[in-house]
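A.B. asks:
Number of protein chains: 2
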Amino acid sequence: MLLMDQLTDVLNAISHPTRRAIIGQLANGPARFLDIAKPFDTALNAVTKHLKLLERAGLIERRKQGREVLISFRGEPLREVAVWVHEYERFWNQRLDQFEQHFRNKKKGKK
Amino acid sequence: MLLMDQLTDVLNAISHPTRRAIIGQLANGPARFLDIAKPFDTALNAVTKHLKLLERAGLIERRKQGREVLISFRGEPLREVAVWVHEYERFWNQRLDQFEQHFRNKKKGKK
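Those sequence lines, one after another, are chains A and B.
Residue 19 is where the first sequence starts when you use our numbering, and the numbers rise one by one after that.
Residue 19 is where the second sequence starts when you use our numbering, and the numbers rise one by one after that.
1. Three-state secondary structure (DSSP) at residue 73 of chain A?
2. Nearest to residue 91 of chain A by CA position, among A:27, A:81, A:34, is which residue?
3. As a quick exercise: from B:29, B:99, B:36, B:101, pick the residue whose alpha carbon is nearest that of residue 65 of chain B.
4. On the three-state DSSP scale, how would you describe residue 107 of chain A?
5. Does the beta-carbon of residue 95 of chain A have 16 or more other beta-carbons within 10 angstroms, so that it is buried, or is it exposed?
6. Using three-state DSSP, classify residue 100 of chain B as helix, strand or coil.
7. Since residue 29 of chain B meets chain A, which of its residues come closer than 7 Å, beta carbon to beta carbon?
8. Please report the straight-line C-alpha distance between residue 107 of chain A and residue 107 of chain B, rounded to a whole angstrom.
9. Does the segment 40-60 of chain B touch the segment 47-55 of chain A, meaning 3 or more C-beta pairs lie closer than 8 Å?
10. Going by DSSP in three states, residue 51 of chain B sits in which element: helix, strand or coil?
11. Expressed to the nearest angstrom, what Euclidean distance is found between the alpha-carbon atoms of residue 58 of chain A and residue 79 of chain A?
12. State the Cα-Cα distance for the pair residue 56 of chain A and residue 86 of chain B, rounded to the nearest angstrom.
13. So which residues of chain A does residue 26 of chain B contact, with C-beta pairs closer than 9 Å?
14. According to DSSP, simplified to helix, strand and coil, what is residue 19 of chain A?
15. So which of A:67, A:26, A:72 has the shortest CA-CA distance to residue 42 of chain A?
16. Since residue 75 of chain B and residue 27 of chain B should fall inside the 8 Å C-beta cutoff, what is the C-beta to C-beta distance between them, to a whole number of angstroms?
17. Using only the alpha-carbon positions, how far apart do residue 69 of chain A and residue 111 of chain A sit?
18. Could you please give the first and the last residue of the uninterrupted beta strand (DSSP E) stretch that includes residue 81 of chain B?
19. Is it buried or exposed for residue 93 of chain B, if we count other Cβ within 10 angstroms and need 16 for buried?
20. Mind checking residue 98 of chain B: buried by the 16 CB within 10 Å criterion, or exposed?
21. Say whether chain A places a C-beta atom closer than 8 Å to the C-beta of residue 58 of chain B.
22. Assuming residue 100 of chain A contacts residue 104 of chain B (C-beta within less than 8 Å), just tell me the rounded distance between them.
23. Along chain A, which residues have their Cβ under 8 Å away from the Cβ of residue 104 of chain B?
So this is what it looks like as structure tokens:
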């Protein structure tokens, strides 16, 4: 249940396009709050809320460096999402297999 | 942007534990609405809302079979989640590598 709730936090965190964009940005390296907020046409207040959700999910961490606070991306919580999704991999592969088979049969029919 | 919004719908859909449980249940085979609702201690109304979100994300489909409506799971939309997550795979592997290296060095030190 604990793990499940962590997964819920992570999925909630990545379910918003702005938060996925922040992750994409931080994947290039740590950044300061104002640099993170710059590309977005949103109130700073909204960015703060997005960062809180990302932090709660363990997807970012803050580190003091001199007088600055650097925010960096942590990828580990995404592993759990990958594990959950891959439990259902056979469902999309299955369909693809049927699809491929369909076209293979069609091709054969033409020959 | 269209794809991104679909990803948002799918992540929203799977971000709730009850909806993940419904997916887990339907992965065993199609079911009728009341069978889906049975394991959950929730109002039928709430289950209906969960199913609507899953349907919007393309994760379930309804099929009339005689007088019954069967609801079945569709896994394809999850592929997009897998693709998104795997863009960040290096971030969790990196850390694991460092972790392993740390223990390997520790072991060497002991010898």
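Note that beta-carbon positions come from the ideal geometry of N, C-alpha and C, so glycine has one too.
C.D. replies: Checking against the coordinates, here is how it stands:
1. In the structure shown, residue 73 of chain A sits in a helix (DSSP, three-state: H, G or I).
2. Ranking A:27, A:81, A:34 by CA distance to the CA of residue 91 of chain A puts A:81 first.
3. Comparing alpha carbon positions, the residue from B:29, B:99, B:36, B:101 closest to residue 65 of chain B is B:36.
4. Helix at residue 107 of chain A.
5. Counting Cβ neighbours within 10 Å, residue 95 of chain A comes out buried, since at least 16 surround it.
6. Under the three-state reduction of DSSP output, residue 100 of chain B falls in the helix class.
7. Within 7 Å Cβ-Cβ: 29, 32, 33.
8. Residue 107 of chain A and residue 107 of chain B: Cα-Cα distance of roughly 17 Å.
9. The segment 40-60 of chain B and the segment 47-55 of chain A do not touch, with fewer than three beta-carbon pairs separated by less than 8 Å.
10. Per DSSP, reduced to three states, the secondary structure at residue 51 of chain B is helical.
11. Answer to the nearest angstrom: the Cα atoms are 20 Å apart.
12. Within the model, the alpha-carbon separation for residue 56 of chain A versus residue 86 of chain B is close to 53 Å.
13. 33, 34, 35, 38, listed in chain order.
14. For residue 19 of chain A, the pLDDT reaches just 49, beneath the cut-off of 50, and the residue's location in the model is therefore unreliable, although a value from the coordinates is still provided. Look at residue 19 of chain A here: in three-state DSSP terms it is coil, with no helix or strand label.
15. Of the listed residues, the one whose Cα sits closest to residue 42 of chain A is A:72.
16. With 8 Å as the limit, residue 75 of chain B and residue 27 of chain B qualify as a contact, their Cβ atoms being about 4 Å apart.
17. Distance between the alpha carbons of residue 69 of chain A and residue 111 of chain A is about 35 Å.
18. Element bounds for residue 81 of chain B: 78-83.
19. Looking at its Cβ environment, which holds 16 or more other Cβ atoms inside 10 Å, residue 93 of chain B is buried.
20. Buried: at least 16 other Cβ atoms inside 10 Å.
21. No, no contact with chain A.
22. About 7 Å separates the two Cβ atoms, so the contact holds.
23. Scanning chain A for C-beta atoms nearer than 8 Å to the C-beta of residue 104 of chain B yields 100, reported in chain order.
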